[in-house]
Every structure is written in structure tokens, then in C-alpha cells.
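Going by this note's numbering, the sequence shown wraps up at 331, each residue one higher than the last.
Input: a single structure, listed below in C-alpha cells.
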Amino acid sequence: MQTNPRLIAIASGKGGVGKTWFAITLAHALTRLGRRVLLFDGDLGLANIDVQLGLTPEHDLGSVLAGRVSLTEAVMRHPDGGFDILAGRSGSGALSALDPTHLEAVLAMSRHVPAGYDDVLLDLGAGVERAVRRMAAAADILLVLATEEPTSLTDAYAVLKLHRADRPEGDARLVVNMAPTRADGERTCTTLRRACATFLRFKPLLAGIIRRDDKVRDAIRRQTLLLTRHPGCSAASDVEAVAYGLVG
Ligand SMILES: Nc1ncnc2c1ncn2[C@@H]1O[C@H](COP(=O)(O)OP(=O)(O)O)[C@@H](O)[C@H]1O
Ligand SMILES: [Mg+2]
Numbered sequence: 084m085q086t087n088p089r090l091i092a093i094a095s096g097k098g099g100v101g102k103t104w105f106a107i108t109l110a111h112a113l114t115r116l117g118r119r120v121l122l123f124d125g126d127l128g129l130a131n132i133d134v135q136l137g138l139t140p141e142h143d144l145g146s147v148l149a150g151r152v153s154l155t156e157a158v159m160r161h162p163d164g165g166f167d168i169l170a171g172r173s174g175s176g177a178l179s180a181l182d183p184t185h186l187e188a189v190l191a192m193s194r195h196v197p198a199g200y201d202d203v204l205l206d207l208g209a210g211v212e213r214a215v216r217r218m219a220a221a222a223d224i225l226l227v228l229a230t231e232e233p234t235s236l237t238d239a240y241a242v243l244k245l246h247r248a249d250r251p252e253g254d255a256r257l258v259v260n261m262a263p264t265r266a267d268g269e270r271t272c273t274t275l276r277r278a279c280a281t282f283l284r285f286k287p288l289l290a291g292i293i294r295r296d297d298k299v300r301d302a303i304r305r306q307t308l309l310l311t312r313h314p315g316c317s318a319a320s321d322v323e324a325v326a327y328g329l330v331g
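Take a look at the structure:
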């Protein structure tokens with residue numbers, strides 16, 4: 084029997100905290116655990132999964148929305164990673180001002196992907212405006228990325244607060260990225276969880292701590308996958324641990 088794939092959204096509020104890189108690497112790690120994964124670029128303003136991977140997809144979300152191609156036709160398989168990608172629309176800005184009908188169409192698309200996928204990973208844009216908030220609320224699991232920077236913490240808190248309002252029983256989990264050490268990452272997590280417990284009366288689960296690792300920048304610069312380029316490095320094993328936790 085065909086069950087619906089899980090929709091896992093990745094949000095942060097603040098930009099530049101590693102959402103896109105993390106979404107790509109998590110897609111790869113889940114694939115290596117035997118999951119069939121679709122990585123969906125849901126950053127409607129500054130879509131860039133394809134850029135970070137050095138791919139030139141023939142079609143993108145925009146072509147599907149315009150009715151030119153089906154979702155199956157628009158999806159591209161990563162040649163090395165083995166997961167599928169639905170590219171967003173880089174730079175055109177045409178999707179950033181999505182009207183509500185289009186936004187619902189994108190959501191319906193991410194919910195009703197072709198059969199065969201286990202996980203759909205949705206890389207969300209920065210900010211907490213309507214489209215991001217609506218997509219986060221539609222997910223089965225929301226992974227909220229934060230770094231130890233105060234601005235990242237307050238933005239991650241804002242994402243959690245809105246998600247709590249939209250989905251009081253929703254499954255939101257924390258990912259601390261760019262932690263200098265595990266102990267630092269744990270402190271960041273404690274700070275955020277404490278704020279949630281005090282003001283929102285819930286404690287988000289910790290999905291994982293990803294350490295800061297120069298290999299990440301190297302892999303991105305070369306437009307390669309971290310798990311292929313630097314297997315076993317600290318950030319790689321940290322993302323693998325998150326994937327493992329999601330598969331259970
Ligand atoms: N764990 C990490 N260690 C070191 N650098 C990282 C790590 N995660 C992300 N980065 C850096 O952060 C930059 C921004 O990442 P990106 O995925 O584009 O962020 P976002 O999608 O949140 O805007 C990357 O170019 C990369 O160099
Ligand atoms: Mg991004």
C-alpha cells in the first residue's frame with residue numbers, strides 16, 4: 084500500500100545559517116540510509132539548491148506552476164547523490180510574490196508528489212512571512228536551524244513561536260548548526276529550549292548538533308556533496324546522525 088511521504092520542512096528565520104547546505108546533505112544522508120528522497124526548493128525568493136550543487140536543471144517549480152511540465156518531468160536526479168531535486172526559480176523573483184492561490188498550489192504539489200518517495204525535504208526561505216509560515220505549518224516535521232548568534236536565536240525562536248500558534252501539536256525540532264564544539268551546541272540548544280519552555284510552554288526536541296567544519300565550505304565551493312567529498316568529517320557525521328534519528 085502506498086503511504087504518503089513525510090514532509091520535512093527546514094526553516095531558520097535568519098538567512099545564511101546553512102539551511103540549503105543542510106537540506107542537501109540531509110537528503111544525501113537519508114538516501115544513503117535507503118530512503119527515497121525528493122529535495123524540494125521551497126525558497127520562493129532566492130532559490131539556490133541547483134546553484135549550490137552546480138546543476139542546470141531543464142525545468143523548475145516555475146515550469147510546473149505554469150503548467151508547462153508535470154512534476155515528474157521537472158524533477159532531476161542528482162547524478163552522484165541518488166536523490167531527486169525539484170529546483171526553485173533562481174533570481175527571477177517571480178515566485179517570491181506568490182499570490183495565495185499559487186502558494187496553495189506549491190503546497191499541494193509538495194504534499195502530492197509522485198508515488199515512490201519516502202521523504203520530501205522542503206528547503207524554506209529566510210524570514211517568517213506568510214509563504215514560509217504556511218509551508219512550515221504544512222510539514223509533518225519542522226526542523227528549525229539555529230546558530231549560536233543572538234540574531235539567529237531570536238529568529239529561530241520567532242519561527243517556533245509562529246509554528247506553535249499555527250500547529251499547537253506540531254512536531255518542531257531544533258538543529259544547531261556551526262557549533263564550535265558539541266558542548267557549545269548544547270548550550271545554544273538549552274538557551275533556545277529554555278525560552279520555548281518559559282514563553283511558549285513547550286520544549287522542542289533536539290534533532291542534532293552540527294559542528295562548524297571548514298570541509299563544508301570546501302564542498303560547496305567545489306559544488307560537490309560533503310558526504311562524498313569528505314566522508315567521515317565532523318559535519319558529515321553530524322548530519323548522518325540527524326538522518327539516522329529521523330529514520331528511527
Ligand atoms: N556546519 C558548517 N560549518 C561551516 N560552514 C558552514 C556550515 N554550515 C553552513 N556553512 C556555511 O554557511 C554558508 C551559508 O549556507 P547556506 O546553506 O547557503 O545558508 P542558508 O540557506 O541558510 O542561507 C555556506 O556557504 C557555508 O560556507
Ligand atoms: Mg538557502
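Every residue gets a Cβ at the ideal spot worked out from N, C-alpha and C, and that includes glycine.
Any heavy atom of ligand 1 closer than 7 Å to the CB of V299? Correct: V299 has its Cβ closer than 7 Å to ligand 1.
When DSSP builds the beta bridges, which residues end up paired with M159? I168, per the DSSP bridge assignment.
Span of the alpha helix (DSSP H) holding D267? Where D267 is concerned, the enclosing alpha helix (DSSP H) starts and stops at 265-278.
Is it right to say V330 is buried, meaning 16 or more other beta carbons lie within 10 angstroms of its own, or is it exposed? By the 16-neighbour rule on beta-carbons within 10 angstroms, V330 is exposed.
Pairs of beta-carbons, one from the region 237-246 and one from the region 205-223, closer than 8 Å: are there three or more? With the cut-off at 8 Å, the region 237-246 and the region 205-223 touch.
I'd like the list of long-range same chain contacts for M261, defined as Cβ closer than 8 Å, with 5 residues on each side in sequence excluded. Once the five neighbours on either side are set aside, the close Cβ partners of M261 are V100, G101, T230, E231, I293, R294, R295.
So who's on the other strand from A110, going by DSSP bridges? In DSSP, A110 forms no bridge with anything.
Check each candidate in P263, V227, L169, S235 and name the one with the smallest Cα separation from V203. Measuring from the Cα of V203, the nearest candidate turns out to be L169.
When DSSP labels each residue in this structure, what does V211 get in the three-state scheme? For V211, the three-state secondary structure derived from DSSP is coil.
By the 10 Å Cβ neighbour count, where 16 or more other Cβ atoms means buried, how is S193 classified, buried or exposed? With a 10 Å radius around the Cβ and a threshold of 16 neighbouring Cβ atoms, S193 comes out buried.
Please confirm whether any heavy atom of ligand 2 lies closer than 7 Å to the CB of N131. True, at least one ligand heavy atom lies under 7 Å from that Cβ.
Which residues count as close to ligand 2 when the rule is a CB under 5 Å from any of its heavy atoms, in chain order? Listed along the chain, these residues meet the criterion: K102, T103.
Could you check whether the Cβ of M192 sits closer than 7 Å to any heavy atom belonging to ligand 1? Within 7 Å of the C-beta of M192 there is not a single heavy atom belonging to ligand 1.
Quick check: does the Cβ of A241 come within less than 7 Å of any heavy atom belonging to ligand 3? In terms of ligand content, the structure shown lacks ligand 3 and carries ligand 1 and ligand 2 instead.
Any heavy atom of ligand 1 inside 7 Å of the beta-carbon of R172? It does not: the Cβ of R172 is nowhere closer than 7 Å to a heavy atom of ligand 1.
Can you tell me the Cβ-Cβ gap for L205 and L90, rounded? I've got them flagged as a contact below 8 Å. Confirmed, about 6 Å.
Which full runs of the beta strand (DSSP E) of 3+ residues lie inside the region 203-250, going along the chain? With a minimum length of 3 residues, the continuous beta strand (DSSP E) runs that stay inside the region 203-250 are 224-229.
Apply the 10 Å Cβ neighbour rule to G328 and answer buried if 16 or more other Cβ atoms are within range, or exposed otherwise. Classified as exposed, G328 has fewer than 16 neighbouring CB atoms from the shown chains inside 10 Å of its CB.
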